[in-house]
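*Asks:* Just dropping this structure here.
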């Protein structure tokens with residue numbers, strides 16, 4: 003038995019088998035949750051390349067599988083990443099019923115996760131581009147189930163993600179050439195520029211992020227929230243993997259300057275644009291751009307603290323995105339769209355969803371006592387110490403985001419004559435999940451030291467980073 | 014392969030790509046896409062074995078078939094004004110000039126023949142033009158397939174792994190399938206009565 007077989011091949015087969023349960027959505031979700039939980043527990047407790055005793059027998063999980071002359075490698079240090087991916091998927095599947103997702107979501111989310119893990123595991127790592135594109139293609143039916151009209155955001159998503167593939171593949175070739183001939187400065191610059199463009203297309207980095215608010219507006223928020231969380235997590239870790247793999251790359255100071263600049267521009271522009279939005283779904287899209295910007299800022303610190311902050315973001319990000327997208331999904335079960343004119347006074351009708359959305363969006367805006375605040379505080383302190391201008395720009399973006407959230411809250415709480423809360427509009431399951439998500443963000447915000455250290459092991463797979 | 018045949022293939026690439034940009038008849042469009050893949054096959058043959066290069070040709074034709082089948086069921090052709098067609102033709106001419114001017118620079122960076130660089134830049138440029146000018150899924154898919162063909166032409170000189178060839182073929186087919194899916198699963202299409 004090998005690790006890629008367990009965490010890549012079996013989930014794909016599981017996704018195909020789950021398809022057979024499509025007539026019964028609750029069973030399909032339960033099946034998906036059971037499989038994901040098993041994979042999560044295996045990632046947490048099953049060491050790779052070390053003999054393990056289980057039910058009286060000794061097993062050895064091999065790390066490598068050969069496929070058409072290339073290798074898929076999952077080492078023991080990668081188990082944290084596996085646990086992160088399957089943990090997030092389990093978390094997301096819990097809310098699938100409450101969010102009333104299409105049955106395609108269950109199978110395709112599992113298959114997509116397996117492909118993203120394959121992208122992280124394939125060696126040489128440049129082949130990741132092709133597997134990521136496969137995951138993108140798989141995500142289209144999930145985003146646009148039959149009967150739902152396509153929009154320009156989806157087409158732009160497809161275009162930008164596909165255009166990223168050639169850049170990463172050519173960057174992979176150039177990186178290989180630089181290793182052979184490290185003194186060739188021209189080739190070094192070419193590799194960095196190609197990789198920069200490829201990652202910018204994939205991660206929706208400025209100026210290639212226009213599709214993100216659009217796609218949030220056009221698709222089911224729970225599905226698009228899942229997609230961007232998983233997709234950006236994988237691509238960010240691929241980028242970290244490149245830094246770990248190539249010494250000349252991580253020793254290039256200009257790379258960190260560019261990364262910091264891009265992060266600052268993303269936060270500032272997305273925050274300012276968010277302030278002018280009149281749609282909660284688009285606001286969610288801008289919130290995601292701000293989050294990616296903060297990830298880039300954390301990496302740009304090129305320090306142990308930066309790496310820790312980068313890793314810590316994933317726990318709160320998963321809960322925030324989950325809470326925000328579930329709240330939007332619950333709202334969309336009652337209203338036509340999430341535009342401000344349609345959600346006016348919704349706090350009275352859907353109190354839990356409105357409060358969940360408020361807490362999630364305020365957390366992304368960096369409000370004190372919520373999940374994202376401790377990370378934002380530490381990051382802004384560090385950035386301001388390095389470059390005061392950048393610190394001010396990040397602050398402007400955060401204020402813009404906060405302003406947009408307060409605008410949304412004023413619309414949600416606008417008086418429409420109703421004074422009593424109508425709890426019956428939300429199901430018990432929806433209320434439970436929304437309350438748990440809200441409490442989760444509050445508890446993490448108050449006691450970050452209890453939760454964040456669990457994320458630090460994500461960097462054990464990257465020994466060359468600070 | 015004789016130099017004249019390579020040059021002929023690049024000329025065919027330029028003509029088919031320009032035709033795809035201005036043409037509105039889907040039948041001729043699918044034929045042009047098929048001819049384009051034939052020209053790509055001839056150029057790729059300079060770097061890869063016949064068997065490996067044939068994968069590109071067959072995949073391209075299959076993608077064209079998928080697009081053709083869904084197109085016939087879905088989208089109506091519309092004739093744009095002559096001014097728009099002239100503008101597209103001029104833009105295509107600019108891409109041709111760009112390819113002629115920048116191919117030597119690209120060939121100095123990459124260990125790829127000049128003629129292949131020219132073909133690749135033409136395809137990538139025309140593909141990007143299509144992506145910028147059209148917003149319907151099938152046209153977007155044709156644009157992406159054209160741009161990817163250009164890249165694959167370039168990449169053939171750098172990498173000949175079977176896994177890469179297979180995955181790129183899978184992506185080409187996947188793009189065509191996604192475009193067909195978006196068109197045929199559109200509510201407007203689902204409401205239409207099925208043809209016997």
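Chains as they are written, first to last, in my numbering: chain B, 3 to 468; chain E, 14 to 209. For every residue, glycine included, the Cβ atom is placed at its ideal position computed from N, Cα and C.
Return no unless some Cβ of chain E is closer than 8 Å to the Cβ of residue 149 of chain B.
*Replies:* So yes, residue 149 of chain B belongs to the interface.
*Asks:* In this structure, how does DSSP classify residue 61 of chain B when only helix, strand and coil are distinguished?
*Replies:* Residue state, collapsed to three classes: strand.
*Asks:* Residues in the same chain with beta-carbon distance under 6 Å from residue 268 of chain B, minus the five sequence neighbours each way, listed in chain order, please.
*Replies:* Counting only Cβ-Cβ distances below 6 Å, and skipping sequence neighbours, we find 208, 291, 295.
*Asks:* Below 7 Å on C-beta distance, what does residue 122 of chain E contact in chain B?
*Replies:* Near residue 122 of chain E (Cβ distances below 7 Å), the residues of chain B are 192.
*Asks:* Within the same chain, show all residues whose beta-carbon is closer than 6 Å to that of residue 141 of chain B, passing over the 5 residues directly before and after it, in chain order.
*Replies:* Hits under 6 Å: 114, 229.
*Asks:* Could you compute how far the alpha carbon of residue 153 of chain B sits from the alpha carbon of residue 235 of chain B?
*Replies:* Approximately 25 Å between the Cα atoms of the pair.
*Asks:* Examine chain E for any beta-carbon lying closer than 8 Å to the beta-carbon of residue 143 of chain B, and answer yes or no.
*Replies:* Yes, contact with chain E.
*Asks:* By DSSP's criteria, residue 66 of chain B is part of a beta bridge. Which residues make up the other side?
*Replies:* Per DSSP, B/75.
*Asks:* By the DSSP assignment, the beta strand (DSSP E) with residue 55 of chain B in it spans what residues?
*Replies:* Its beta strand (DSSP E) spans residues 54–56.
*Asks:* Would residue 331 of chain B and residue 102 of chain B be called neighbours here (beta carbons separated by less than 8 Å)?
*Replies:* Cβ distance < 8 Å, so residue 331 of chain B and residue 102 of chain B count as in contact.
*Asks:* Using only the alpha-carbon positions, how far apart do residue 194 of chain E and residue 34 of chain E sit?
*Replies:* Roughly 22 Å separates the two Cα atoms.
*Asks:* Verify the CB distance criterion: does residue 168 of chain B have a CB-CB separation below 8 Å to chain E?
*Replies:* Yes, its Cβ sits closer than 8 Å to a Cβ of chain E.
*Asks:* Which stretch, first to last residue, makes up the alpha helix (DSSP H) that contains residue 129 of chain E?
*Replies:* Note, residue 129 of chain E: alpha helix (DSSP H), 127–146.
*Asks:* Along the stretch 172–185 of chain E, where does the CB come closer than 8 Å to a CB of chain B? Name the residues.
*Replies:* Answer set for the stretch 172–185 of chain E: 172, 174, 175, 176, 177, 179, 180, 181, 183, 184.
*Asks:* My assumption, with CB atoms under 8 Å, is that residue 132 of chain E sits in contact with residue 159 of chain E. Please give the rounded CB distance.
*Replies:* Actually they do not touch by this definition, with Cβ atoms about 12 Å apart.
*Asks:* Out of curiosity, what's the CA-to-CA distance linking residue 123 of chain E and residue 244 of chain B?
*Replies:* When rounded, the distance between both Cα atoms is 22 Å.
*Asks:* Any heavy atom of the ligand FAD closer than 7 Å to the Cβ of residue 143 of chain E?
*Replies:* The model on display carries no ligand, and the ligand FAD is accordingly not part of it.
*Asks:* If you measure beta-carbon to beta-carbon, which residues of the stretch 149–174 of chain E are closer than 9 Å to chain B?
*Replies:* Listed in sequence order: 149, 150, 153, 154, 156, 157, 160, 161, 163, 164, 165, 167, 168, 171, 172, 174.
*Asks:* Within this structure, are the beta carbons of residue 261 of chain B and residue 298 of chain B separated by less than 8 Å?
*Replies:* Yes; because the gap between Cβ atoms is below 8 Å, this pair is in contact.
*Asks:* Quick one, which of E/144, E/110, E/102 has its alpha-carbon nearest residue 32 of chain E's?
*Replies:* The option with the nearest alpha carbon to residue 32 of chain E is E/102.
*Asks:* Below 8 Å, how does it come out for the stretch 188–200 of chain B and the stretch 157–169 of chain B: are there three or more Cβ pairs, yes or no?
*Replies:* Yes, the stretch 188–200 of chain B is in contact with the stretch 157–169 of chain B.
*Asks:* Closer than 8 Å, CB to CB, is residue 77 of chain E near chain B or not?
*Replies:* It does not: the Cβ of residue 77 of chain E has no partner Cβ on chain B nearer than 8 Å.
*Asks:* Please report the distance separating the alpha-carbon of residue 61 of chain B from that of residue 3 of chain B.
*Replies:* Taking the straight line from one Cα to the other gives about 8 Å.
*Asks:* Let me make sure I understand the geometry here. Which of B/174, B/428, B/18 has the alpha-carbon closest to that of residue 351 of chain B?
*Replies:* For the residues B/174, B/428, B/18, the minimum Cα distance to residue 351 of chain B belongs to B/428.
*Asks:* Measure from the alpha carbon of residue 20 of chain B to the alpha carbon of each residue in B/41, B/274, B/107, B/322, then state which is nearest.
*Replies:* The residue with the shortest Cα to Cα distance from residue 20 of chain B is B/107.
*Asks:* Restricting to Cα atoms, I'd like to know which of B/374, B/312, B/281, B/158 is closest to residue 192 of chain E.
*Replies:* It is B/158 whose Cα lies nearest to the Cα of residue 192 of chain E.
*Asks:* Would the beta-carbon of residue 176 of chain E fall within 8 Å of that of residue 72 of chain B?
*Replies:* Contact: yes.
*Asks:* Leaving out five residues on either side along the sequence, give the residues of the same chain with a beta carbon under 7 Å from the beta carbon of residue 105 of chain B.
*Replies:* Once the five neighbours on either side are set aside, the close Cβ partners of residue 105 of chain B are 24, 27, 30.
*Asks:* Can a CB atom of chain E be found closer than 8 Å to the CB of residue 164 of chain B?
*Replies:* For residue 164 of chain B, the answer is yes, since a Cβ of chain E falls inside 8 Å of its Cβ.
*Asks:* Which partner residues does residue 125 of chain B have in the DSSP bridge list?
*Replies:* Answer by DSSP bridge pairing, in chain order: B/73.
*Asks:* Is it the case that the Cβ atoms of residue 469 of chain B and residue 270 of chain B are separated by a distance below 8 Å?
*Replies:* Only positions 3 to 468 of chain B appear in this structure, which leaves residue 469 of chain B out of reach.
*Asks:* Could you give the C-beta distance for residue 410 of chain B and residue 285 of chain B, rounded to a whole number, given that I count them as a contact under 8 Å?
*Replies:* So it is a contact: roughly 6 Å between Cβ atoms.
*Asks:* Considering residue 438 of chain B, what are the terminal residues of the alpha helix (DSSP H) in which it resides?
*Replies:* Note, residue 438 of chain B: alpha helix (DSSP H), 430–448.
*Asks:* Quick check: the Cα distance between residue 259 of chain B and residue 373 of chain B, rounded to an integer number of angstroms?
*Replies:* Using only the alpha carbons, I get a separation of about 27 Å.
*Asks:* Buried or exposed, going by whether 16 or more other CB atoms sit within 10 Å of the CB of residue 184 of chain B?
*Replies:* It is exposed - the Cβ of residue 184 of chain B has fewer than 16 other Cβ atoms within 10 Å.
*Asks:* Where DSSP assigns a beta bridge to residue 4 of chain B, which residues make up the other side?
*Replies:* Note: residue 4 of chain B sits in a beta bridge opposite B/64.
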